[in-house]
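Asker: Under the numbering used here, residue 217 is the last one in the sequence shown; the count climbs by one each step, no gaps. Below is one structure. I have some questions about it.
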Amino acid sequence: MRAGRRRQRLTFLRVDRENVPTPVRIIQNLARAQRELLRAADAVPPDLWKTSPSDGQWSAGELVGHLIMVERAIIGRADELLEKPPKSLPFFRRFHVPMALVESRLIRRKTPIPLDPQLVREKEEMLAELRRVRERTLAFIEETKERDLNKYHMPQAFLGTLNTYQWFQLIASHELRHTKQMREIVASLPKTVRRLQK
C-alpha cells in the first residue's frame with residue numbers, strides 16, 4: 020500500500036513537471052494563438068473593424084488594441100522584474116488557477132486596464148502592430164533563454180502568483196480567449212461577413 024501511494028505521488032509530480040511551460044512550448048503556443056486570432060480577424064471587413072456589435076461590447080479593433088496593451092505590459096513588467104535578483108516564494112503561493120480557465124471564456128471579466136483609444140486604428144495597421152509586439156515578445160524569450168525564469172514571480176489579480184514563463188503562457192492563453200470573442204464579433208456582423216469566414 021505504501022509503495023502504491025509513493026508511486027501515485029511520483030506520478031503526480033511527473034505530470035506536474037510536464038505541465039510546466041517551457042520556452043519551446045510557449046513559443047509554439049504563442050504562434051498557434053496568433054495564427055488563430057489572425058484567421059478570425061480576417062473575417063472582419065476593414066469598414067467594420069471599429070464597429071461595436073452592440074452597446075458595451077468591443078469592436079474587433081478595440082479587442083486587438085487590448086491584446087497589444089496587455090502583451091506590452093507583461094513584457095515591460097517582466098523586463099523590470101529581471102533587473103532585480105529573484106525573491107523566494109513560499110510553496111503555497113505557487114499554486115494558481117489553471118490557464119485553461121483563461122482560454123475558456125466561461126468566466127467573463129471586465130478588464131481592469133482601460134483601453135487606450137489611440138491604439139484603435141485601421142485594421143491592417145493594428146494587425147501589423149500586433150505582429151511587432153509578438154516579435155518583441157519572442158525576442159525577449161530568446162534574449163533570456165539562458166536564465167531560469169521560474170525563479171521570478173509576479174502576482175496576477177485573477178490567477179494568483181505566476182512565474183515569468185507562466186506569464187508568457189498567459190499571453191497565448193489570453194489571445195486564445197479573445198480569439199473566441201473575435202469569432203463572437205464576427206457572428207454578430209451581417210451574414211455576408213460570416214460567409215467570408217467559412
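Backbone N, C-alpha and C fix where the C-beta goes; we use that ideal spot for every residue, glycine too.
Mapping the DSSP letters down to three states, classify Leu181 as helix, strand or coil.
Answerer: Here Leu181 sits in strand by DSSP.
Asker: Take Asn169 as the anchor and find which of Trp186, Val205 and Phe159 has the nearest alpha-carbon.
Answerer: Of the listed residues, the one whose Cα sits closest to Asn169 is Trp186.
Asker: My guess is that Arg202 and Leu49 are in contact by the Cβ rule of under 8 angstroms, so how many angstroms apart are they, rounded?
Answerer: At roughly 19 angstroms, the Cβ-Cβ gap does not stay under 8 angstroms, so Arg202 and Leu49 are not in contact.
Asker: Excluding five sequence neighbours on each side, which residues of the same chain lie with their C-beta closer than 7 angstroms to the C-beta of Lys69?
Answerer: Result list for Lys69: Ser78, Gly80 and Val139, in chain order.
Asker: Name the one or two DSSP bridge partners that Gln175 has.
Answerer: According to DSSP, Gln175 bridges with Gly179.
Asker: Whole alpha helix (DSSP H) runs in the region 67 to 107 with 4 or more residues, listed along the chain?
Answerer: Segments of the alpha helix (DSSP H) lying fully in the region 67 to 107: 79 to 100.
Asker: Measure the Cβ-Cβ separation of His197 and Leu56 and say whether it is below 8 angstroms.
Answerer: In contact: His197 and Leu56 (Cβ atoms closer than 8 angstroms).
Asker: Would Leu195 pass as a contact of Ala52 if the rule is Cβ separation under 8 angstroms?
Answerer: Against a cut-off of 8 angstroms, the Cβ pair of Ala52 and Leu195 comes out as a contact.
Asker: In terms of residues, what are the limits of the alpha helix (DSSP H) holding Ala147?
Answerer: Lys142 to Glu162 is the extent of the alpha helix (DSSP H) around Ala147.
Asker: Do Tyr171 and Thr183 count as a contact pair if the criterion is CB distance below 8 angstroms?
Answerer: In this structure, Tyr171 lies closer than 8 angstroms to Thr183 by Cβ.
Asker: Which of helix, strand or coil does DSSP assign to Thr41?
Answerer: Of the three classes helix, strand and coil, the one that applies to Thr41 here is coil, per DSSP.
Asker: Is Pro136 helix, strand or coil when you go by DSSP?
Answerer: In the structure shown, Pro136 sits in a helix (DSSP, three-state: H, G or I).
Asker: With a threshold of 16 other CB atoms inside 10 Å of the CB of Pro174, please say whether the residue is buried or exposed.
Answerer: Exposed is the call here.
Asker: Taking its Cβ as the centre, do 16 or more other Cβ atoms sit within 10 Å of Gly6, making it buried, or is it exposed?
Answerer: Nothing about residue 6 can be reported from this structure: the residues present for the chain run from 20 to 217 only.
Asker: Mapping the DSSP letters down to three states, classify Asp167 as helix, strand or coil.
Answerer: In the structure shown, Asp167 sits in coil (DSSP, three-state: anything other than H, G, I, E or B).
Asker: Using the beta-carbon count (16 or more within 10 Å), is Glu90 buried or exposed?
Answerer: So Glu90 ends up on the buried side.
Asker: Can you list, in chain order, the residues of its chain whose CB lies under 8 angstroms from that of Arg166, leaving out five sequence neighbours each side?
Answerer: The answer, listed in chain order, is Leu101.
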